[in-house]
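Data block below; observations after.
Below you can see the structure in the form of structure tokens.
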């Protein structure tokens with residue numbers, strides 16, 4: 684069984700975003716792997732480790748050569764191989780990204796396309812759904828739990844809903860996106876999981892050895908042209924602006940004053 | 011010239027993420043409330059697979075040394091000395107990675123707790139190295155892997171109330187033979203890192219067979235933390251380095267079998283060898299100080315820069331004042347120098363030419379003084395806030411002082427550098 688995981692680099696969410704003119708200023712920004720994609724890598728590793736059914740985890744990213752760094756960090760966690768499709772990751776819209784992923788999927792023919800539910804930069808949450816549509820594959824989004832069948836023919840996806848979880852079994856191959864809870868200690872199970880198997884919460888840290896081994900792992904570099912993908916821009920950014928800054932809060936002396944302010948100043952009552 | 015590669019930078023980011031998430035939330039408990047640092051250190055070691063990696067490297071070295079010994083070579087242990095005798099040149103790129111992997115965890119942890127680094131270094135460095143250098147295979151099997159993985163916490167007891175820089179000359183702790191295969195140990199040790207909590211203690215003393223003290227051989231014993239005849243103090247209160255529990259150890263008529271004597275024999279031909287081992291240990295300690303100093307300088311500088319940018323007095327950020335700028339610029343000079351020294355040490359070690367004792371001493375002397383100056387200046391940049399624990403720079407300043415004292419005082423480094431210049 685082969686798992687293809689997608690990983691996008693995003694500006695480190697802990698940094699302050701700078702807006703310069705009509706665009707976000709990315710100069711001097713530190714980049715990290717999109718957290719949800721990191722969770723997808725972690726989920727793939729857990730599937731591999733406990734099932735024994737996964738032969739290869741391939742991580743796909745799109746971007747300039749610089750993105751190799753984020754790709755290597757996924758390999759350092761334990762993924763087996765990387766694919767870098769060279770392109771401008773900053774200007775791609777969801778449709779273009781989906782087309783590229785579709786083309787790579789067709790080259791690799793994995794049994795499972797595992798993705799983060801969204802990238803935390805654009806928060807679009809569209810690519811997985813578009814890819815599944817284009818490939819005519821079953822899709823299950825926002826997985827908080829995963830359980831792989833013993834013969835790897837299907838995967839049961841648990842999704843958080845109001846008041847509980849719902850479980851859906853999808854045949855493989857299919858497209859699955861993961862949510863935050865997929866990195867809880869017992870969120871990923873396979874037929875090979877031990878009853879009391881628990882992982883440390885969160886995506887794993889790469890070990891020293893893992894980081895050094897990652898240097899030797901293979902990264903295939905492909906151009907968009909090689910994939911035969913047409914890239915027309917569907918989404919245009921017309922302007923970028925920071926949200927208006929909020930005025931400072933005030934302290935009120937009494938309930939009466941609060942009601943008065945809510946009625947006459949905030950006009951919410 | 012060596013510099014951090016992309017994978018080293020990646021490792022560094024990963025280490026920092028761990029330290030921020032797991033160590034920093036516990037810093038107040040460890041630095042101000044006396045909580046022992048070992049659980050979080052174990053987690054650190056395990057998360058990055060460092061213990062297993064060190065055990066792997068140790069086993070490979072030992073196997074090589076044993077093969078050489080079997081082939082008629084002179085390999086007596088699995089230690090660095092045996093390694094240096096190897097004909098095969100080390101692969102520089104792998105050795106550079108190894109140097110970086112040793113230094114980076116120290117640097118990242120030193121940013122927040124030089125004390126924890128000290129506790130760590132003594133437990134998985136000095137203590138197992140003493141056993142690796144001279145211990146029998148059985149002693150090595152029993153203690154070395156468990157110490158390298160931090161499953162057991164180690165202490166290395168040399169200093170006494172009356173013996174500091176003059177570690178051997180003034181040493182009063184003794185081991186008297188008792189029958190053919192036992193020894194009676196007596197002596198007081200102080201300033202022993204991990205002393206209050208250690209599972210394994212290397213007790214260094216003089217073999218007393220009736221000869222005058224200055225002619226007695228230096229021997230070392232492997233003790234357990236809890237033994238009849240062994241008493242330990244609670245952690246001593248110190249100026250800084252609170253992340254490292256330090257205590258006293260008292261041996262009174264402690265009777266031990268020869269199996270606890272490191273090497274299990276007293277070889278007269280081999281006179282003074284435990285003394286040489288201890289000296290080698292001092293050299294190793296010195297290169298660790300470079301990495302510690304770098305981490306502390308980087309952190310002090312980072313905090314100072316941020317403060318200088320944001321602290322406004324008389325209507326301007328204080329960073330616009332030349333007196334503050336001078337401090338920040340001097341911090342950068344110190345940072346570059348210490349980083350270059352560390353890079354040079356990693357590079358020359360990787361090429362099979364580790365710094366000699368004079369070079370190691372020069373590096374330690376400079377780095378300790380630089381760290382002290384930078385961290386004190388950071389307190390000054392912060393003014394009144396810097397004097398408050400909340401702003402973290404006061405801890406760096408208190409901790410930096412120890413770098414000028416332990417592992418050989420500044421004065422000892424000076425004399426070693428000078429003597430090597432005068433009478434090389």
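Residue numbers (our numbering), protein chains in the order written: chain A, 684 to 952; chain B, 11 to 434. Just so you know, even glycine gets a beta-carbon here, dropped at the ideal spot from N, CA and C. All values reported here derive from a predicted model rather than from experimental measurement.
| query | result |
| --- | --- |
| Residue nearest to residue 206 of chain B in terms of C-alpha spacing, selected from B:145, B:114 and B:256 | B:256 |
| Supposed contact pair residue 858 of chain A and residue 820 of chain A - C-beta distance, whole angstroms, cut 8 Å | 5 Å |
| Residue 744 of chain A (DSSP reduced to helix, strand or coil) | strand |
| Separation of residue 927 of chain A from residue 946 of chain A, as counted between CA atoms | 23 Å |
| Closest Cα partner of residue 424 of chain B within the set B:350, B:336, B:389 and B:374 | B:374 |
| Beta-bridge pairing of residue 327 of chain B - partner residues as DSSP gives them | B:322 |
| Three-state secondary structure assigned by DSSP to residue 383 of chain B | helix |
| For residue 18 of chain B, three-class secondary structure by DSSP | helix |
| Short CB-CB distance (under 9 Å) between residue 12 of chain B and chain A | no |
| Under 9 Å between C-beta atoms of residue 716 of chain A and residue 756 of chain A | yes |
| Three-state class that DSSP yields for residue 140 of chain B in the structure shown | helix |
| Whether residue 734 of chain A touches residue 797 of chain A by CB criterion (9 Å) | no |
| Residues sharing a beta bridge with residue 828 of chain A, DSSP | A:841 |
| Contacting residues, own chain, Cβ-Cβ under 7 Å from residue 178 of chain B (five flanking each side not counted) | 228 and 285 |
| Residue from B:336, B:108, B:240 and B:171 with nearest C-alpha to residue 358 of chain B | B:108 |
| Proximity winner among A:869, A:845, A:911 and A:850, relative to residue 824 of chain A (alpha-carbon distances) | A:850 |
| Within the region 863-910 of chain A, ranges of the alpha helix (DSSP H) (whole runs, at least 4 residues) | 891-897 and 907-910 |
| Contact between the region 396-414 of chain B and the region 111-128 of chain B (3+ Cβ pairs under 8 Å) | yes |
| Option in B:265, B:233 and B:267 with minimal Cα separation from residue 259 of chain B | B:233 |
| Beta carbon proximity, residue 891 of chain A to chain B, threshold 9 Å | yes |
| 9 Å Cβ cutoff met for residue 690 of chain A and residue 723 of chain A | yes |
| Cutoff 9 Å: residue 895 of chain A Cβ touching any chain B Cβ | yes |
| Partners in chain A for residue 21 of chain B, counting only beta-carbon separations shorter than 7 Å | 891 and 894 |
| Alpha helix (DSSP H) runs contained entirely in the region 218-280 of chain B, provided each spans 4 or more residues | none |
| Cutoff 9 Å: residue 692 of chain A Cβ touching any chain B Cβ | no |
| Rounded straight-line distance, which links the Cα of residue 331 of chain B to that of residue 388 of chain B | 15 Å |
| Those residues which DSSP pairs with residue 199 of chain B across a bridge | B:259 |
| Cβ pair residue 344 of chain B, residue 383 of chain B closer than 9 Å | yes |
| Simplified DSSP state of residue 166 of chain B, which is helix, strand or coil | strand |
| Own chain residues within Cβ distance below 8 Å of residue 817 of chain A, not counting five before or after | 781, 782 and 785 |
| C-beta neighbour in chain B for residue 774 of chain A, strict 9 Å | no |
| Proximity test, Cβ basis, 9 Å: residue 159 of chain B and chain A | no |
| Residue-level contact to chain B via CB, residue 880 of chain A, 9 Å cutoff | no |
| Residue 397 of chain B classed as buried or exposed, judged by whether at least 16 other C-beta atoms fall within 10 angstroms | exposed |
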